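Participant:
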Amino acid sequence: PAARRRLFRRWPILQRLARWRLYWQLEIGVLSFLGYDWVNRAAARMARRHLETAVADPALRRALTPDYQIGCKRILVSDDYYPALQQPHVELVTAGIRAVRPDGLVTADGAFRAADALVFGTGFVAAQLLLDMRIEGRNGRELLAEWQAAGGPEAYLGLSVSGYPNLFFLLGPNTGLGHNSVVLMIESQISYVMDYLDTLAREGVPFLDLRPEAQAAFNADLQARLARTVWQSGGCRSWYQTTAGKNTTLWPGSTAGYRLKTRRIHRQAYAPAAPGTG
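At position 152 of the sequence shown (counting the first as 1) the number is 152 in the numbering used here, and the numbers step up by one without a gap.
1) State whether the region 106-117 contacts the region 170-178, with contact taken as three or more CB pairs (one from each stretch) at a distance under 8 Å.
2) When you compare only the Cα positions, how much space is there between Arg-61 and Glu-52?
3) Kindly provide the ranges of any alpha helix (DSSP H) runs that are 4 or more residues long and lie completely inside the region 104-188, ordered along the chain.
4) Quick one: what's got a C-beta closer than 7 Å to Ala-269's C-beta in the same chain, skipping five residues either side?
5) Would you call Met-185 buried or exposed, if buried means 16 or more other Cβ atoms sit within 10 Å of its Cβ?
6) Is the distance from the Cβ of Leu-144 to the Cβ of Leu-131 below 9 Å?
7) Checking the sheet assignment: what are the DSSP bridge partners for Asp-209?
8) Once the 5 residues before and after Leu-129 are set aside, which same chain residues still bring their CB inside 6 Å of it?
9) Of all the options Val-183, Lys-261, Ile-265, which has the alpha carbon lying nearest to the alpha carbon of Tyr-23?
10) In whole angstroms, what separates the C-alpha of Ile-97 from that of Ala-108?
11) According to DSSP, is Gly-278 part of a helix, a strand, or is it coil?
12) Per the contact definition of three or more C-beta pairs closer than 8 Å, is the region 62-69 in contact with the region 35-53?
13) Flag this pair as yes or no: are the beta carbons of Ile-135 and Tyr-196 separated by less than 9 Å?
14) Just mark Ser-162 as buried or exposed, buried being the case when its beta carbon has 16 or more other beta carbons within 10 Å.
15) Can we say the region 85-103 touches the region 240-260, given the rule of at least three CB pairs closer than 8 Å?
16) Could you tell me which whole alpha helix (DSSP H) segments of length 4 or greater appear in the region 29-78?
17) Only counting the same chain, and skipping five residues up and downstream in sequence, which positions put a Cβ closer than 8 Å to that of Thr-277?
18) Helix, strand or coil for Leu-337, going by three-state DSSP, please let me know.
19) Do you know offhand how far Ala-18's Cα is from Val-205's?
20) Does DSSP classify Ala-95 as helix, strand or coil?
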């Protein structure tokens with residue numbers, strides 16, 4: 001609102017306080033995803049009340065009610081979704097497609113629906129990274145092949161991979177979020193990389209190589225924490241996961257916790273290495 005913008009211009013501290021209030025509202029919401037069932041149930045009640053208020057038709061409400069815990073799949077925050085589904089020319093069909101014909105399609109329940117055009121909204125491959133890139137590490141190692149052997153992408157803090165010194169990712173494996181702004185993760189990662197570069201300059205070395213045991217221990221703990229989250233135990237399959245069910249997308253914690261972990265490089269996790277072929 002214009003009045004609020006004027007207020008913020010006159011007293012910038014109020015804008016900062018409003019920003020912090022919004023941040024912590026979202027940050028506390030991570031508890032709903034991390035296995036705190038009472039928080040998850042409260043979020044589900046709020047979502048059901050919103051559905052009941054927004055959708056008058058009981059049959060449509062039933063079709064729009066998930067059969068899994070809230071947050072298991074990506075939560076859609078939209079003012080337009082429910083109104084769009086209630087337009088007179090819109091029909092929500094939840095049955096799968098059995099066959100496509102020149103003049104329409106047949107759904108799994110045997111019904112035929114005429115169609116002039118089909119729009120494929122099949123999504124994207126978020127759980128796999130760098131599918132179109134070849135990255136070689138030390139002694140001819142190939143990153144995509146190693147990730148495939150591991151059942152999906154993995155890295156240390158989502159940032160670095162053993163055997164690939166001086167290679168860092170922003171928004172790498174398991175650094176996506178379901179509750180807050182991912183920009184906070186990017187800022188934390190840039191801070192970590194800058195401290196890494198300062199460490200190279202201070203120690204006078206061309207690079208440091210992540211110890212494999214550090215990467216293995218980090219990812220074992222990461223997957224154990226993910227197993228307790230709604231993303232893995234909420235009763236659904238989602239694009240957060242590989243086809244085998246491994247979650248390679250999300251960070252099982254808060255942005256504040258990640259910021260603390262990435263303020264400085266974990267020097268003990270890296271070993272100086274003689275230059276290789278990578």
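For glycine and all other residues, C-beta sits at the position ideal for the given N, C-alpha and C.
On a predicted model such as this, the values are computed, not experimentally measured, just so you know.
Facilitator: Taking the definition as stated:
1) no
2) Taking the first residue of the sequence shown as position 1, residue 61 is located at position 61. Taking the first residue of the sequence shown as position 1, residue 52 is located at position 52. Going by the C-alpha atoms only, they are around 7 Å apart.
3) 143-149
4) As a working mapping, residue 269 is identified with position 269 in the sequence shown. Tyr-156, Leu-210, Arg-211, Ala-214.
5) Here residue 185 corresponds to residue number 185 of the sequence shown, with the count starting at 1. The residue in question, Met-185, is buried, as its Cβ has 16 or more Cβ neighbours within 10 Å.
6) Translated into positions along the sequence shown, residue 144 becomes position 144. Translated into positions along the sequence shown, residue 131 becomes position 131. Contact flag set, yes.
7) The residue labelled residue 209 in the question sits at position 209 within the sequence shown. Answer by DSSP bridge pairing, in chain order: Ala-271.
8) Within the sequence shown, residue 129 is the residue found at index 129, counting from 1. Closer than 6 Å at the Cβ level, and outside the excluded window around Leu-129, lie Pro-153.
9) Locating residue 23 in the sequence shown gives position 23, counting from the first residue. Tyr-23 has its Cα closest to that of Val-183, out of Val-183, Lys-261, Ile-265.
10) The sequence position of residue 97 within the sequence shown is 97, counting from 1. The sequence position of residue 108 within the sequence shown is 108, counting from 1. Whole-angstrom Cα-Cα distance: 6 Å.
11) Position 278 of the sequence shown, counting from 1, holds the residue named residue 278. Model confidence at Gly-278 stands at a pLDDT of 41, short of 50, so the residue's coordinates are unreliable; what they give is reported in the following sentence. Gly-278 falls in the coil class under three-state DSSP.
12) yes
13) Indexing the sequence shown from 1 puts residue 135 at position 135. Indexing the sequence shown from 1 puts residue 196 at position 196. No; because the gap between Cβ atoms is not below 9 Å, this pair is not in contact.
14) Within the sequence shown, residue 162 is the residue found at index 162, counting from 1. Result: buried.
15) no
16) 37-54, 58-64
17) The count along the sequence shown starts at 1 and reaches residue 277 at position 277. In this prediction, Thr-277 scores a pLDDT of 40, lower than 50, which makes its location untrustworthy; the coordinate-derived value is nonetheless stated afterwards. Hits under 8 Å: Glu-136, Arg-138, Asn-139, Gly-140.
18) Because the chain is modelled from 1 through 278, residue 337 falls outside the range shown and cannot be assessed.
19) Start at 1 with the first residue of the sequence shown, and residue 18 comes out as number 18. Start at 1 with the first residue of the sequence shown, and residue 205 comes out as number 205. Taking the straight line joining both Cα atoms gives about 44 Å.
20) The residue labelled residue 95 in the question sits at position 95 within the sequence shown. Note: Ala-95 maps to coil in three-state DSSP.
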